[in-house]
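Taken in sequence, the protein lines are chains S and R.
When you read off a place in the first sequence, starting at 1, and then add 889, the result is the number in the numbering used here.
When you read off a place in the second sequence, starting at 1, and then add 889, the result is the number in the numbering used here.
We put the beta carbon where it would ideally sit given N, CA and C, even for glycine.
Note that this is a predicted model, so its numbers are computed, not measured.
Below is one structure, written out as structure tokens; the observations come after it.
Number of protein chains: 2
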Amino acid sequence: MNTGATLIIGAGLLGTSIGLALSKKGHPVFIDDNSASAKALAVDYGAGQSFTGQIEPELVVVCVPPDQTAAVVASALSRFQSAVVTDVASVKSKVLAELSQLGVSKARFVGSHPMAGRERGGAISGRSDLFISRPWVLTPTDETDPRAVSKVTWLAQQLGAALVISNPENHDRAVALVSHVPQVVSSLLAARLIESADEDVALAGGGLRDTTRIAASDPELWLQILSQNSREIVPILKEFDRELDSLIMALEHLSSPGSLANISNVLRAGNLGVEKIPGKHGTKHTQYDRVVVIIEDKPGELGRLFVEVGSLGVNIEELQLEHSPSAQVGLVELYVMPQSVSTLAEGLLARGWRIAE
Amino acid sequence: MNTGATLIIGAGLLGTSIGLALSKKGHPVFIDDNSASAKALAVDYGAGQSFTGQIEPELVVVCVPPDQTAAVVASALSRFQSAVVTDVASVKSKVLAELSQLGVSKARFVGSHPMAGRERGGAISGRSDLFISRPWVLTPTDETDPRAVSKVTWLAQQLGAALVISNPENHDRAVALVSHVPQVVSSLLAARLIESADEDVALAGGGLRDTTRIAASDPELWLQILSQNSREIVPILKEFDRELDSLIMALEHLSSPGSLANISNVLRAGNLGVEKIPGKHGTKHTQYDRVVVIIEDKPGELGRLFVEVGSLGVNIEELQLEHSPSAQVGLVELYVMPQSVSTLAEGLLARGWRIAE
């Protein structure tokens, strides 16, 4: 059963990436898109054959914008009477509600959400490795045929994703918290910079850069996501808003009783919140220790460094290359398991590297 | 004149780091702290000699917590009648106002703010390279003696920092925008995670991690910073608050006229804001192109990769190692100048590396 053809409807970033990955594995893939040029581009990229109605797919993956998803899913279920149909939209309950309104039987449908993306969209940004190690959430309901779940499980596994089984409500609540609210907050924060003086923004460091990175995301896509999941997003934003109001009040009346405690509580709560985020391999990032190496900002230096790190037998868990706005040096932050710190630091020092004391 | 002794008061992260950097350059440094153990630790680290009143310093650098800064500066100005005195607090107007209240002549004082830090504090985290390439803002006033400015300019240069001359008001307005408001927003966002289910937070990706990273910062230090700069922070937070209120209203009443335009405007404003942030070497980070390489998550792989990148003669402008929550592979994102992309990608492919299409 798993050798049947897959039809991908929608040749954007996700559709093209899924097509590339399945094609690479040798599975038959067909691709369709309302836009003839987007479809031709994805086919040229190797994401699959152009779909002209020539086959009966076993699996249909709907990769169109969120506001078109339910209609396209309904049409696919009706046109391909034996196919399993899934979608990749970021909000799951809304699609189901719309399908119910359309009076569609949902047995052969299971919603899914591959949690992968890039700040750039379109077929041109597609890549077969987009889903590797990323969560791929399946949201079956009581109505879902087990065959649909197993077919989409197969898809996620073929693409190297980490399968997560949830349900539409839990999924939408979770992504409101970990993705949609951060997007709103990051956009609102970045928007504060528009009217600012260039010399003020010139003082920006890693903190501002990190907190505003996702504010560069596609507004059209996010308008749809936020609209579709507003029910889950609004309560979290209201809680944020209440604490923000209270914090502003405290900052305006610093000498009132409780003001300093209020500010302090917000900062401490932030500490506790960060500790809940899992890091690489399911661990906390706080469990790594850091070694900082200063390198010349020129070709080959990183190579020399990592060869010597490799020869010390130390695995790098995370790394970061720091910006150097004026000097031509880079700071490479290496995060390693605590038991490897002395091996790494002493080994690099012995080989003549500059390490921060 | 620039060979006279420097006295550092306060053996925390910044004081210890300044002492380490000056000592390394061969300059005489003395260090003092109310805490005998902190002082002894910094001396052990090589940050300078223990200060016991044995010398008359030419430069005094006050590195105590923000709420003690003005008092310690006043005392240093009075005790060392020919010394230049500076501080390193994150808020500048407040220190000056407190000095005026104390009736101190401020000619020999110039406030400064080295914009460097770490999420961990204390002498134990000090490092001589902390200031390299970081902005070091000087905030002279009409009262400031040029000798004070030139002495602290010398200090910043010795430490490899990028000197920025501003004034206290402009500095405080700028850091409210690029540092203090992002801290508040990040803390409020991370605080939302405390009550959440573990399986919800398990779906966290790079967006949540980036937006909440600085929420892990020291609450005691930040309570002082936010309190001292509340005048500049509050107006920006109120603007954020107004837009948040309006966005919540729009999300609650999606079908009301103007709601979708309102949400879209926030997202587009976020795009524009991010574009204002300067990247490495004063450029925008959007000007780099990305090549993604898939590597085995084991010692030596990064080394092999960067040796071959080096042999291609390509300079890496930024890089990021992606988390791999379940699979034992890593995604290395290499950002390079657009003209280097094909050399890099084709060269790595030819050498057998797996590149994302």
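Under 8 Å by beta carbon: chain S residues contacting residue i
i, result
"R:G1199", "P1188, G1189, E1190, L1191, G1192, R1193"
"R:R1081", "L1066, V1070, I1125, E1128, F1129, G1162"
"R:A1245", "R1016, S1017, D1018, L1019"
CB contact flag (residue i, residue j, <9 Å)
i, j, result
"S:G1219", "S:I1184", "yes"
"S:R1120", "S:S982", "yes"
"R:L1027", "R:L1052", "yes"
"S:T975", "S:V953", "no"
"R:V1188", "S:L1194", "Here the sequence assigns Pro to residue 1188 of chain R, which means Val is not the residue at that position. No, the Cβ-Cβ distance between R:P1188 and S:L1194 is not below 9 Å."
"R:P1024", "R:V1038", "no"
"R:S1116", "S:L1149", "yes"
"S:G893", "S:L948", "yes"
"S:K928", "S:A900", "yes"
"S:S912", "S:A936", "yes"
"S:V1073", "R:L1143", "no"
"S:L1237", "S:V1163", "no"
"S:R1131", "R:D1089", "no"
"S:V999", "R:G1192", "no"
"R:D922", "R:G942", "no"
"S:V832", "S:A959", "No statement about residue 832 of chain S is possible, as the shown extent of chain S runs from 890 to 1246 and does not include it."
Bridge partner(s) assigned by DSSP for residue i
i, result
"R:Q938", "R:F919"
"R:F998", "R:V974"
"S:P1003", "S:W1025"
"S:A1139", "S:A1139 is not bridged to any residue."
"S:V949", "S:L896, S:V974"
"S:L1223", "S:V1180, S:L1208"
Nearest neighbour of residue i, chosen from the options [CA to CA]
i, options, result
"S:A1079", "R:G1159, R:P954, R:D1178, R:L966", "R:G1159"
"R:V1203", "R:Q1209, R:K1187, R:V1221, R:V1230", "R:V1230"
"R:P1035", "R:Q957, R:R997, R:L1048", "R:R997"
"R:G915", "R:T895, R:K1187, R:A927", "R:T895"
"S:S994", "S:A1012, S:A963, S:V980", "S:A963"
"R:G1010", "R:S906, R:G1095, R:D1099", "R:S906"
"S:R1081", "S:T1100, S:Q1113, S:S1068, S:L1210", "S:T1100"
"S:E1109", "R:S1153, R:D1134, R:L1126, R:E1109", "R:S1153"
"R:V1155", "S:I1083, S:I897, S:I1244", "S:I1083"
"S:I944", "S:V918, S:E1141, S:R1240", "S:V918"
"R:A1245", "R:M1226, R:Y934, R:A1050, R:V1221", "R:V1221"
Where residue i sits in the DSSP three-state scheme
i, result
"R:I1122", "helix"
"R:H1170", "Model confidence at R:H1170 stands at a pLDDT of 37, short of 50, so the residue's coordinates are unreliable and nothing is read from them."
"S:S1215", "The pLDDT assigned to S:S1215 is 44, lower than 50, so where the model puts this residue is not dependable, and the model offers no usable value."
"S:T895", "strand"
"R:A1051", "strand"
"R:L1156", "helix"
"S:L902", "helix"
"R:E1207", "strand"
"R:I1114", "helix"
"S:R1179", "strand"
"R:I1244", "strand"
"R:V993", "coil"
"R:V1309", "For chain R, the structure presents residues 890 to 1246; residue 1309 of chain R sits outside this window and is missing."
"R:T1232", "helix"
"S:N1056", "coil"
"R:T1030", "coil"
"R:A1150", "helix"
"R:K1011", "For the sequence presented, residue 1011 of chain R should be read as Gly rather than Lys. Three-state result, R:G1011: coil."
"R:A1079", "helix"
"S:A1091", "coil"
"R:F1129", "helix"
"R:I1103", "helix"
"S:R1062", "helix"
"S:L1201", "coil"
Partner residues on chain R for residue i, Cβ-Cβ distance less than 8 Å
i, result
"S:M1004", "L1092, G1094"
"S:N1204", "D1186, K1187, P1188"
"S:L1238", "Here the premise fails: no neighbours, minimum Cβ distance about 13 Å."
"S:D976", "Per Cβ cutoff of 8 Å: no residues; S:D976 is ~18 Å from chain R at best."
"S:S1119", "L1140, E1141, L1143"
Under 7 Å by beta carbon: chain S residues contacting residue i
i, result
"R:R1102", "D1099"
"R:W1025", "Under the 7 Å cutoff, chain S gives no residues; its nearest Cβ is about 11 Å from R:W1025."
"R:W1111", "L1156"
Near the ligand GTP: residue i beta-carbon under 8 Å from a heavy atom
i, result
"R:G1010", "Judged by which ligands are present, the structure shown has none, so any question about the ligand GTP falls away."
Contacts that residue i makes with chain R (C-beta to C-beta distance below 7 Å)
i, result
"S:L1115", "L1140, I1152"
"S:K983", "Within chain R, no residue comes near S:K983; the closest Cβ sits about 12 Å away, beyond 7 Å."
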